[in-house]
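*Asks:* This is the structure, below, for whatever I ask next.
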Amino acid sequence: MTVSYTAEVATCSYFGCFWKLLMRWRASIYKIIWVDLLAFLCCYYLMAIIYRYALRDVDKPIFEDIVMYCHSYSNLIPLSFVLGFYVGIIIERWWSQYITVPWPDPLAVYVSALVRGQDEHGRLMRRTIMRYVCLSLTMVLSMISPVIKRRFPSYDQLIEVGLLNANEANIIRAMDAKFPKHPKYWMPIVWAASIVTRARKEGRIWDDFSLKSMIDELNKFRAGCNMLIHYDTISVPLVYTQVVTLAVYSYFVASIFGHQWIDREVKHYNNIVSYYFPLFSTLEFFFFMGWLKVAETLICPFGDDDDDFELNWLIDRNLQVSYLIVDEMHNDHPQLVRDQYWDEVFPNELPYLVESERAEHPEASTARLGIPKVNAAHSVKSEASLENDFTEFDDEDETKDEVTIRFARREFSWSKSSVSITYSSGNHSIDTLSFDDQGGEEMENEVDSRTVDSGSKDDFDRLREKRERERVNRQMQHAALAMELMKGELGSNAGSDTGSSRTNVPLKDSEVQTDKSYTSQRKKDKDKDKEADKE
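Right under this line is the structure:
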């Protein structure tokens, strides 16, 4: 099982927290590399003994030339690049294989919540569905993991542990005889889907959406099992693995010769430390060979290495938890009681066992950021430019930093004889438009004394006032037409009340004409409004 050391490195000390891990043996670098390191040192010292004691004086220059040649050209092997890229791929593949392993817990929650029935048949359905799901995963793991294959070499062992029945094993064997080329791990998933469909027909699953949710979860579980088969079938390209292996071992074969001590007046070859022990050659071997051993360990995480996944525990855990969810905890929950913060709605502060451990609430990164005030003028003009562009402003305009936009409020009121529209903008001005029953119109404008003289208005203000007058005129016309329609409607209602013998009263020509003119005028006004908005 993967060795966990998270608790030991949860808090970093002054000199780091990884020093605590260097004395471990299980799953350590020392355990996987000590044999290779011992072989490397033995070969190194063997070459040193041959050079110092076995070779004649006339043969030593040949050995020394070999040493200088290996030392000069061994650095041409791009070991760091090739090995680092390869190990990165292996680490990513290792983690992807772990998160691909499907877990039956989500499906167990669905089955417990959606497959109803407290009787024996309902319980049998729920337990059988989860047993089939766990059986499917176990069959897949026995295909890709030597550990699980040794535990379940045949269907008989699956029958002994209770994952498979004798009649189910006979069905799978018969299917294997007919179609021997393809694995049959998907058969229990199909059986589980059939049981779910049967539960829907029997009314144990209330609606089709619940049925679909369970079928989708079964398909997701099957997809995870299928992806594990793909990881087992499709490995990292063999060429890349061979390149990395040859690069590492050829480099250290060259290092056995290239890092030897030789009796020459050359600084790099007659160091006294190398005469007794190849210190930095050993460290280099330790790091690079350890890197390669990491890749060899993680390339297949379903084996017997210390850092491989604990699949036996996974199989036992899945079956136990699945039965616990769908059987022991089916439709069961604690008694509903009020929580201790019921009257407060939510707690302002939660209690701490040690009050000194209470931490401050985190703040946003810009909470304490000082923002300087923005000045109105960002550039300084020359005196000539100031004389040309000089504009007089009131003191009130210079000190006022806010721009307020107010929209006029409109109030409509009508009666049988008149319609009036009132425009008001705070306490500044009030415009009232009224229409009598003859179609005439009166306008009363009460303008505040603070109204700006028309001579000081710019083109934009004049255009805005022009558009506003046109809009007011159109609304006056609409109101007049609406008044005519209301009068016609009131007259028709009065005629229908007095003459009960008439069932259908045709409209007068004037009323029809008024209705048509109102519709056409309304359409023209909408077109004008659109054109004005575009301008």
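Quick note on our numbering: the sequence shown kicks off at 64 and runs consecutively. For each residue, glycine too, the CB sits at the ideal point set by N, CA and C. Quantities reported herein were computed from a predicted structural model and do not represent experimental measurements.
#1: Given a threshold of 16 other Cβ atoms within 10 Å of its Cβ, counted over all protein chains shown, does residue 293 qualify as buried or as exposed?
#2: Helix or strand or just coil, what does DSSP make of residue 269?
#3: Determine the direct distance from the alpha carbon of residue 107 to that of residue 135, and round the result to whole angstroms.
#4: Using 7 Å as the cut-off, classify the Cβ of residue 200 as near or not near the heavy atoms of the ligand ADP, replying yes or no.
#5: In chain order, what residues of the same chain have a beta carbon less than 7 Å from the beta carbon of residue 68, not counting five sequence neighbours either side?
#6: Skipping 5 residues on each side, what residues in its chain have a beta carbon closer than 8 Å to that of residue 111?
#7: For the alpha helix (DSSP H) containing residue 151, list its first residue and its last residue.
#8: Looking at C-beta atoms only, is the number of pairs between the region 261-271 and the region 176-195 that lie closer than 8 Å three or more?
#9: Is the number of C-beta pairs between the region 271-286 and the region 84-102 that are closer than 8 Å three or more?
#10: Helix, strand or coil: which one does DSSP assign to residue 345?
#11: Please classify residue 590: is it buried, with 16 or more other beta-carbons within 10 angstroms of its beta-carbon, or exposed?
#12: To the nearest angstrom, how far is it from the Cα of residue 138 to the Cα of residue 304?
#13: Do you know how far the Cα of residue 541 is from the Cα of residue 574?
#14: Quick one: what's got a C-beta closer than 6 Å to residue 114's C-beta in the same chain, skipping five residues either side?
#15: Measuring only the C-alpha atoms, how far is residue 76 from residue 105?
#16: Grab me the residues of residue 87's own chain with a C-beta within less than 8 Å of its C-beta, minus the 5 sequence neighbours each way, in chain order.
#17: Beta-carbon within less than 6 Å of residue 251's beta-carbon, same chain only, minus the 5 sequence neighbours each way: which residues are those?
#18: Return the first residue and the last residue of the alpha helix (DSSP H) that residue 192 is part of.
#19: Buried or exposed: where does residue 454 fall if 16 or more other Cβ atoms within 10 Å of its Cβ makes it buried?
#20: Could you tell me the alpha carbon to alpha carbon distance between residue 262 and residue 158, rounded to whole angstroms?
#21: Quick one: is residue 82 buried, meaning 16 or more other Cβ sit within 10 Å of its Cβ, or exposed?
#22: In three-state DSSP terms, what is residue 88?
#23: Between residue 258 and residue 191, how many whole angstroms is the CB-CB distance? I'm expecting something under 8 Å.
#24: DSSP three-state label for residue 75, please.
#25: Is it buried or exposed, residue 396, if we count other Cβ atoms within 10 angstroms and call 16 or more buried?
#26: If I measure Cβ to Cβ from residue 388 and keep anything under 6 Å in the same chain, skipping five residues before and after, which residues do I get?
#27: Suppose contacts are defined by Cβ-Cβ distances below 8 Å. Is residue 414 in contact with residue 287 by that definition?
#28: Determine the direct distance from the alpha carbon of residue 193 to that of residue 223, and round the result to whole angstroms.
#29: Which of the three DSSP states, helix, strand or coil, is assigned to residue 65?
#30: Expressed to the nearest angstrom, what Euclidean distance is found between the alpha-carbon atoms of residue 335 and residue 71?
#31: So, does the region 396-408 touch the region 214-229, judging by three or more C-beta pairs under 8 Å?
#32: For residue 601, does the three-state DSSP call read helix, strand or coil?
#33: Would you identify the three-state DSSP class for residue 383, choosing helix, strand or coil?
#34: Classify residue 294 as helix, strand or coil using the three-state DSSP reduction.
#35: Pick from 362, 349, 326: whose alpha carbon is nearest that of residue 122?
*Replies:* Taking the definition as stated:
#1: The residue labelled residue 293 in the question sits at position 230 within the sequence shown. Its Cβ having fewer than 16 others within 10 Å, residue 293 is exposed.
#2: What you label residue 269 is simply residue 206 of the sequence shown in a count that begins at 1. Residue 269 falls in the coil class under three-state DSSP.
#3: Counted from its first residue, the sequence shown places residue 135 at position 72. Counted from its first residue, the sequence shown places residue 107 at position 44. Their Cα atoms are separated by approximately 18 Å.
#4: This structure lacks the ligand ADP; in fact it carries no ligand of any kind.
#5: As a working note, residue 68 is residue 5 in the sequence shown. So the list reads 84, once near-sequence residues are dropped.
#6: Working through the sequence shown from its first residue, we reach residue 111 at position 48. Same-chain partners within the cutoff: 323, 324.
#7: Numbered from its first residue, the sequence shown carries residue 151 at position 88. Here the alpha helix (DSSP H) through residue 151 covers 142-163.
#8: yes
#9: no
#10: Within the sequence shown, numbered from 1, the residue matching residue 345 stands at position 282. DSSP places residue 345 in helix when its eight states are reduced to three.
#11: Position 527 of the sequence shown, counted from the first residue, corresponds to residue 590. The residue in question, residue 590, is exposed, as its Cβ has fewer than 16 Cβ neighbours within 10 Å.
#12: Mapped onto the sequence shown, residue 138 falls at position 75. Mapped onto the sequence shown, residue 304 falls at position 241. Taking the straight line joining both Cα atoms gives about 20 Å.
#13: For the purposes of this step, residue 574 is taken as the residue at position 511 of the sequence shown. For the purposes of this step, residue 541 is taken as the residue at position 478 of the sequence shown. Note that residue 574 has pLDDT 47, beneath the 50 cutoff, so the model's placement of it is unreliable and no number is given.
#14: Translated into the one-based positions of the sequence shown, residue 114 becomes position 51. If we look at residue 114 and ignore the five residues flanking it on each side, its Cβ neighbours are 126.
#15: Walking along the sequence shown from the start, residue 76 turns up at place 13. Walking along the sequence shown from the start, residue 105 turns up at place 42. Approximately 39 Å, taken between the alpha carbons.
#16: Residue numbering aside, residue 87 sits at position 24 when the sequence shown is read from its first letter. For residue 87, where only same-chain residues beyond five positions count, the Cβ hits under 8 Å are 66, 68.
#17: Here the question's residue 251 lines up with position 188 in the sequence shown. Result list for residue 251: 195, 198, 199, in chain order.
#18: Here residue 192 refers to the residue found at position 129 of the sequence shown. Per DSSP, residue 192 belongs to the alpha helix (DSSP H) from 183-207.
#19: Working through the sequence shown from its first residue, we reach residue 454 at position 391. Summary for residue 454: the model assigns pLDDT 43, below 50, so the residue's position carries little reliability, and this model does not support an answer.
#20: The residue labelled residue 262 in the question sits at position 199 within the sequence shown. The residue labelled residue 158 in the question sits at position 95 within the sequence shown. Going from the Cα of residue 262 to the Cα of residue 158 covers about 37 Å.
#21: In the sequence shown, counting from the first residue as 1, residue 82 sits at position 19. By the 10 Å Cβ count, residue 82 comes out exposed.
#22: Translated into positions along the sequence shown, residue 88 becomes position 25. Note: residue 88 maps to coil in three-state DSSP.
#23: Numbered from its first residue, the sequence shown carries residue 258 at position 195. Numbered from its first residue, the sequence shown carries residue 191 at position 128. Indeed, because the Cβ distance is near 6 Å, the residues count as touching under 8 Å.
#24: For this step, residue 75 is matched to residue 12 along the sequence shown. The answer is coil: DSSP assigns residue 75 none of H, G, I, E or B.
#25: Taking the sequence shown and counting its residues from 1, one reaches residue 396 at position 333. By the neighbour-count rule (16 or more Cβ atoms within 10 Å), residue 396 is not buried but exposed.
#26: On the sequence shown, position 325 is the one that residue 388 refers to. If we look at residue 388 and ignore the five residues flanking it on each side, its Cβ neighbours are 171, 175.
#27: Position 351 of the sequence shown holds residue 414. Position 224 of the sequence shown holds residue 287. Contact: no.
#28: The residue labelled residue 223 in the question sits at position 160 within the sequence shown. The residue labelled residue 193 in the question sits at position 130 within the sequence shown. Their backbone Cα atoms lie some 17 Å apart in a straight line.
#29: Indexing the sequence shown from 1 puts residue 65 at position 2. Reduced to three states, the DSSP call for residue 65 is coil.
#30: Against the sequence shown, residue 335 aligns to sequence position 272. Against the sequence shown, residue 71 aligns to sequence position 8. Going from the Cα of residue 335 to the Cα of residue 71 covers about 41 Å.
#31: no
#32: Nothing about residue 601 can be read from this structure; the chain reaches only from 64 to 598.
#33: As a position in the sequence shown, residue 383 is number 320, starting the count at 1. Three-state DSSP puts residue 383 in a helix.
#34: On the sequence shown, position 231 is the one that residue 294 refers to. It is helical.
#35: Here residue 122 is taken as the residue at index 59 of the sequence shown, counted from 1. It is 326.
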